[in-house]
Amino acid sequence: MPNSVNGALSINDAVTQKELVYPEIVKTSRVWAPVLMDHMGSVSKIGSKSQWFQQAISQGFVTLSAPYTIGDSTVSVDAPSNYNPFDTEIKDGVSVLSTTDGSYKMSITDHNGTFTSFDVSNKNGTPADLPAGTKLYIQRDAEVGSGFGSNNDTSVSKTDFNFFTNFDHDIRIANPIKDGRFEHFGANELDFANQEENLLPTVIRQLEQRVIKDSRIEGSNPITGAGMTRTSGNGAQAGGIYHYINAGGGYTMTSGTSALTEGTLEQDMIALRKRGAFTNMSSYDRSYAYSNCDAIISETTLSDIQSQIRLQRENAQGADGGLGSDLAPFAKVNGVKVNFKVSDGMEDNEVLYITDKQKIKVDVLRLFEQESEWVDGDSTVRKYVTTVTTSIKAPWTLGYRTNLIRV
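All residue numbers for the sequence shown refer to the numbering used here, where the first residue is 93 and numbers rise by one.
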């Protein structure tokens, strides 16, 4: 109706007045998948079950699990671990246990099947009471001119395996809309290309989470032979990095009272270094050059790290007058450059340490790959399939810390 003040007709008085339409479709997406991006590789074939080999060499010591009292004929020690398989070194009548200062030595005369209890006799030095937790070096002696013994000092690798993960998505669109036969503003958002673009970030985010945290599942009705599972079963699932850290003797720590501070990082780097991280078979000296370690964290944990930087900055608000300091993407502790990477697979109370990128591989057979198209009545359906498997080698050199608190 005409304006009540001056009688003029206005834009609301005619249905033919156009609305302004911006034809562009503005999209937003947030996916943080550094683990997948760093370790993903395309492969043309994968096995129904994958297998790999890995070996840690004995670190040459045992740790008492119970106190040793002068005169005892046995010692109890912690069992061999993935990162210290000392059972390859223990030979009855040959091996010797020595205190770290060399003042007392015991000869091993027999051992139990799990290498957790040794029968011993005094060899030399002054006997001493030793508390639980005492570290004893493994040594051996032989007389000059000794002949061949009955011992075999060879050691072999161990094996581990994984299955594969498979999932799919279906996109269904009515045929006349798919074909662009309905009017639309500038762009047809209901075409396959647009919907594929919309769905891909979801696939990437899911893969990131699963590569980190999925459990290894055999599935149902796998083929078995020679006493072992030869294939993945129906509903199989590839284990993620956490699975192998837990099952393979990786470094794990529960904080409870600790935040991700420089002190916490240093404690963790030292523990990882003792397990064989940041070194190789030909290294016989501790390297003081910087090694690299990826610390996979959440955005909140990254904020905790940055708050420690802000606490140390000068009172000045920065050269540009802004608050705070520049974002620090890494920390240098104990000869390790710890690179912080924010991931959708991590929660606010945890950090995952990847000490060597070469140890983790994500084999992608199909990544959101279109497998088929089917016209179903007046609609068309396309199926997109993702198939991956992972290998996590030497997991005892990887680690994660949980139950972090806020700074």
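C-beta atoms are modelled at their ideal positions from N, C-alpha and C, and glycine is treated no differently.
Please return the same chain residues whose Cβ sits closer than 6 Å to the Cβ of residue i, not counting the five positions on each side in sequence.
i: TYR336; result: ILE484 and PRO487
i: ASN495; result: THR346, SER347, GLY348 and ASN441
i: SER464; result: LYS475
i: ASN258; result: THR479
i: SER140; result: THR323 and SER324
i: LYS110; result: none
Please work out which residues of its chain come closer than 7 Å, Cβ to Cβ, to residue i, disregarding the five sequence neighbours upstream and downstream, and give them in chain order.
i: VAL113; result: PHE277
i: PHE460; result: LEU292, VAL295, TYR476 and THR478
i: THR180; result: SER150 and SER247
i: GLN146; result: SER249, LYS250, ASP252, LYS485 and ALA486
i: LEU394; result: PHE432 and VAL434
In its own chain, which residues sit with a C-beta less than 8 Å from the C-beta of residue i, not counting the 5 before and 5 after it?
i: TYR382; result: LYS424, GLY427, VAL428 and LYS429
i: ASN267; result: VAL467, ASP470, SER471 and THR472
i: GLU354; result: GLN400, ALA423 and VAL425
i: GLY327; result: ILE309, GLY311 and SER312
i: HIS524; result: There is no way to answer for residue 524, as the model of the chain reaches only from 93 to 499.
For residue i, count the other beta carbons within 10 Å of its own beta carbon; 16 or more makes it buried, fewer makes it exposed. Which is it?
i: TRP466; result: exposed
i: THR108; result: exposed
i: GLN450; result: exposed
i: GLY341; result: buried
i: TYR380; result: exposed
i: SER121; result: exposed
i: LYS227; result: exposed
i: ASN95; result: exposed
i: GLY99; result: exposed
Let me check understanding here. Comparing Cα to Cα, which of the options lies closest to residue i?
i: GLY491; options: THR482, SER471, ALA387 and THR393; result: ALA387
i: CYS385; options: GLY237, ASP130 and ASP211; result: ASP130
i: SER152; options: ASN98, LYS141, THR161 and TYR175; result: Residue 152 is actually Gly in this sequence, not Ser. If we check each option's Cα against that of GLY152, TYR175 comes out closest.
i: GLU310; options: GLN301, LEU299, ILE362 and ALA330; result: ALA330
i: ASN244; options: ILE182, VAL303, GLN462 and SER195; result: ILE182
i: GLN301; options: GLU439, LEU156, THR155 and THR447; result: GLU439
i: SER168; options: ASN104, GLY225, LYS197 and THR218; result: GLY225
My assumption, with CB atoms under 8 Å, is that residue i sits in contact with residue j. Please give the rounded CB distance.
i: LEU282; j: ILE269; result: 5 Å
i: PHE432; j: ILE389; result: 6 Å
i: SER209; j: THR161; result: Wrong, their Cβ atoms sit about 15 Å apart, outside the cutoff.
i: ASP306; j: TYR445; result: Wrong, their Cβ atoms sit about 19 Å apart, outside the cutoff.
State yes or no: is the C-beta of residue i nearer than 7 Å to some heavy atom of the ligand MN?
i: MET320; result: Because no ligand of any kind appears in the structure shown, any question about the ligand MN cannot be addressed here.
Closer than 8 Å is the cut-off here; do at least three beta carbon pairs connect the segment 450-461 with the segment 130-141?
Contact between the segment 450-461 and the segment 130-141 is present, because at least three Cβ pairs lie under 8 Å.
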